[in-house]
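**Student:** Each position in the sequence shown, counted from 1, maps to that position plus 5 in the working numbering. Ideal Cβ placement from N, Cα and C applies to all residues, glycine included.
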Amino acid sequence: MYILGIETTCDETSCAVLKNYKVLSNITISSLKEYKKYGGIIPEIAVRAHLENIDKVLKLALSKADILLKNIGLISVSYKPGLIGALAVGLNFAKALSLSLNKPYIGINHLYAHIFSPFLNNKRKIVFPFLGVVVSGGHTELYYVDDFDKIKLIGSTKDDACGEIYDKIAREFSLGFPGGAFIDKIFKFEFKDTFKFRCGRIGCDLSFSGIKTAMIYKKRELEKKGLLNKETKIKLLSSFQESVIKTLVDTIFDAAKKYKLNRIVLGGGVSANKYLRFLLNKKNKNIKLLLPDIKYTQDNAAMVAGLGFYLYNKKKLISLMNLKAIPN
Numbered sequence: 006m007y008i009l010g011i012e013t014t015c016d017e018t019s020c021a022v023l024k025n026y027k028v029l030s031n032i033t034i035s036s037l038k039e040y041k042k043y044g045g046i047i048p049e050i051a052v053r054a055h056l057e058n059i060d061k062v063l064k065l066a067l068s069k070a071d072i073l074l075k076n077i078g079l080i081s082v083s084y085k086p087g088l089i090g091a092l093a094v095g096l097n098f099a100k101a102l103s104l105s106l107n108k109p110y111i112g113i114n115h116l117y118a119h120i121f122s123p124f125l126n127n128k129r130k131i132v133f134p135f136l137g138v139v140v141s142g143g144h145t146e147l148y149y150v151d152d153f154d155k156i157k158l159i160g161s162t163k164d165d166a167c168g169e170i171y172d173k174i175a176r177e178f179s180l181g182f183p184g185g186a187f188i189d190k191i192f193k194f195e196f197k198d199t200f201k202f203r204c205g206r207i208g209c210d211l212s213f214s215g216i217k218t219a220m221i222y223k224k225r226e227l228e229k230k231g232l233l234n235k236e237t238k239i240k241l242l243s244s245f246q247e248s249v250i251k252t253l254v255d256t257i258f259d260a261a262k263k264y265k266l267n268r269i270v271l272g273g274g275v276s277a278n279k280y281l282r283f284l285l286n287k288k289n290k291n292i293k294l295l296l297p298d299i300k301y302t303q304d305n306a307a308m309v310a311g312l313g314f315y316l317y318n319k320k321k322l323i324s325l326m327n328l329k330a331i332p333n
């Protein structure tokens, strides 16, 4: 079966074609450049970009996969969570294709698609249950995953998402957007303990707003004293990343222990962070750790198509035309 995936939850317009679980094409156009001057996502710009790009991306995905639209057997589209206008573009596009082609479509939870992204191309066998973790610009969530359609939230951030505080701190330091890649690149292991910052945590729930505030206050304090040189900035940012990533990793492994799970599956944009991957592998003992290929860490339609295929093929699930987009 050929599956068409459609992803428009935020700033990426993406279409992918899969043959069962093998990725034949995954085309994404990002409007990221538009947001750099603003330091964040502007919903109105995102919606306009999706409207301009969705048809173009579809044609490119079909061309690269070397198949015709009429050969698509299932349409899989993200319908939650995300920006409501952006979601509506992709969902309505999928419905229109479903009607015109007389083919089924299925709405996908974007976060669940991230969870299953490490399994694309059948690189790894899916064995349940496992701890699913999504770490991105908008979400930091831990799930007990018992099946493709049996996913229970067991922990989350109570304020800012992990990727969100990276963006806010990067903006404070005028590093650019999105901030995660900039801070990860600047990070120096030898400076990670220079300043002591703490993240909030109760059980499997996290809070990052406190470290964000503490970091900004410390930076401005040093700035007023004339002590904020290039090296001090690196020390601050390295200490910040150490606290955030260490807290995240500790929470992940403690959750696995609490729920007696010996498999951890990670997805989302922050899963591309080099230091996060380093600490996960360093701490990993007697646990199967699965991480997505870097190209599938950001929002993409391949992961949406992949989960859609499994839900349709294994669970015989499809969506009705009255399905509505659900925002964050």
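Assuming Leu-284 contacts Ile-250 under a Cβ cut-off of 8 Å, what Cβ separation, rounded to an integer in Å, is found between them?
**Tutor:** Mapped onto the sequence shown, residue 284 falls at position 279. Mapped onto the sequence shown, residue 250 falls at position 245. At roughly 6 Å, the Cβ-Cβ gap stays under 8 Å, so Leu-284 and Ile-250 are in contact.
**Student:** Keeping to the same chain, check which residues put their C-beta closer than 8 Å to that of Asn-286; ignore five residues upstream and five downstream.
**Tutor:** Here the question's residue 286 lines up with position 281 in the sequence shown. So the qualifying residues of the chain are Leu-294.
**Student:** Helix, strand or coil for Asn-291, going by three-state DSSP, please let me know.
**Tutor:** In the sequence shown, the residue the question calls residue 291 occupies position 286. Here Asn-291 sits in coil by DSSP.
**Student:** Just tell me which of Asn-291, Cys-209 and Asn-278 has its CA closest to the CA of Ala-260.
**Tutor:** Within the sequence shown, numbered from 1, the residue matching residue 260 stands at position 255. Here the closest residue by C-alpha is Cys-209.
**Student:** Whose C-alpha, out of Val-309, Leu-271, Phe-98 and Asn-76, is nearest the C-alpha of His-55?
**Tutor:** Along the sequence shown, read from residue 1 onward, the residue named residue 55 stands at position 50. Considering only alpha carbons, the answer is Phe-98.
**Student:** Kindly provide the ranges of any alpha helix (DSSP H) runs that are 4 or more residues long and lie completely inside the segment 181-268, ordered along the chain.
**Tutor:** Runs found: 184-191, 214-229 and 235-263.
**Student:** Provide the residue span of the alpha helix (DSSP H) that contains Val-82, from first to last.
**Tutor:** As a working note, residue 82 is residue 77 in the sequence shown. Run containing Val-82: none in the alpha helix (DSSP H); it sits in the beta strand (DSSP E), 79-85.
**Student:** Using the Cβ count rule (16 or more neighbours within 10 Å means buried), how would you classify Lys-229?
**Tutor:** Within the sequence shown, residue 229 is the residue found at index 224, counting from 1. By the 10 Å Cβ count, Lys-229 comes out exposed.
**Student:** Less than 9 Å between the C-beta atoms of Arg-268 and Leu-136, yes or no?
**Tutor:** The sequence position of residue 268 within the sequence shown is 263, counting from 1. The sequence position of residue 136 within the sequence shown is 131, counting from 1. It is a contact, given that the beta carbons lie within the stated cut-off.
**Student:** Use the C-beta contact count for Lys-334: other C-beta atoms within 10 angstroms, 16 or more gives buried, fewer gives exposed.
**Tutor:** An answer regarding residue 334 cannot be provided, because it is not within the stretch 6 to 333 covered by the chain.
**Student:** Could you tell me whether the segment 154-168 touches the segment 57-75, where touching means 3 or more Cβ pairs closer than 8 Å?
**Tutor:** Touching, no.
**Student:** CA-CA distance, Asn-327 and Leu-104?
**Tutor:** As a first step, residue 327 is located in the sequence shown; it is residue number 322 there, counting from the start. As a first step, residue 104 is located in the sequence shown; it is residue number 99 there, counting from the start. Their Cα atoms are separated by approximately 13 Å.
**Student:** Report back the beta-carbon spacing between Ser-19 and Asp-304 to the nearest angstrom; my notes put them in contact at under 8 Å.
**Tutor:** Working through the sequence shown from its first residue, we reach residue 19 at position 14. Working through the sequence shown from its first residue, we reach residue 304 at position 299. Rounded, the Cβ-Cβ distance is 7 Å, consistent with contact.
**Student:** Quick check: the Cα distance between Lys-27 and Asn-76, rounded to an integer number of angstroms?
**Tutor:** For the purposes of this step, residue 27 is identified with residue 22 of the sequence shown, where counting begins at 1. For the purposes of this step, residue 76 is identified with residue 71 of the sequence shown, where counting begins at 1. Computed Cα separation, rounded: 16 Å.
**Student:** Which ranges does the beta strand (DSSP E) cover as unbroken runs of at least 3 residues, wholly within the segment 94-139, from first to last along the chain?
**Tutor:** Runs of the beta strand (DSSP E) inside the segment 94-139: 110-114.
**Student:** Check Ser-68 in the structure and name its three-state DSSP category.
**Tutor:** Reading the sequence shown from its first residue, position 63 is the one you call residue 68. In this structure, Ser-68 counts as helix in the three-state DSSP scheme.
**Student:** Leaving out five residues before and five after Asn-25 in sequence, what residues of the same chain have Cβ atoms less than 7 Å from its Cβ?
**Tutor:** Taking the sequence shown and counting its residues from 1, the one referred to as residue 25 is at position 20. Same-chain partners within the cutoff: Met-6 and Phe-314.
**Student:** Considering Cα atoms alone, identify which of Ile-113, Gly-112 and Thr-162 is closest to Thr-252.
**Tutor:** Counted from its first residue, the sequence shown places residue 252 at position 247. Of the listed residues, the one whose Cα sits closest to Thr-252 is Thr-162.
**Student:** Counting only the same chain and skipping the five closest in sequence on each side, list residues whose C-beta sits under 6 Å from that of Ile-323.
**Tutor:** Residue 323 sits at position 318 when you count from the first residue of the sequence shown. Same-chain partners within the cutoff: Pro-109 and Ile-111.
**Student:** Just list the residues that DSSP pairs Asp-152 with in beta bridges.
**Tutor:** Taking the first residue of the sequence shown as position 1, residue 152 is located at position 147. Note: Asp-152 sits in a beta bridge opposite Lys-155.
**Student:** Taking the alpha carbon of Leu-271 as the reference point, which residue from Lys-69, Glu-146, Ile-34 and Ala-93 has its own alpha carbon closest?
**Tutor:** To locate residue 271, count along the sequence shown from 1; it is residue 266. Taking only the C-alpha atoms, the option nearest Leu-271 is Glu-146.
**Student:** If you run the structure through DSSP and keep just helix, strand and coil, what is Ser-161?
**Tutor:** By one-based count along the sequence shown, residue 161 stands at place 156. The answer is strand: DSSP assigns Ser-161 an E or B state.
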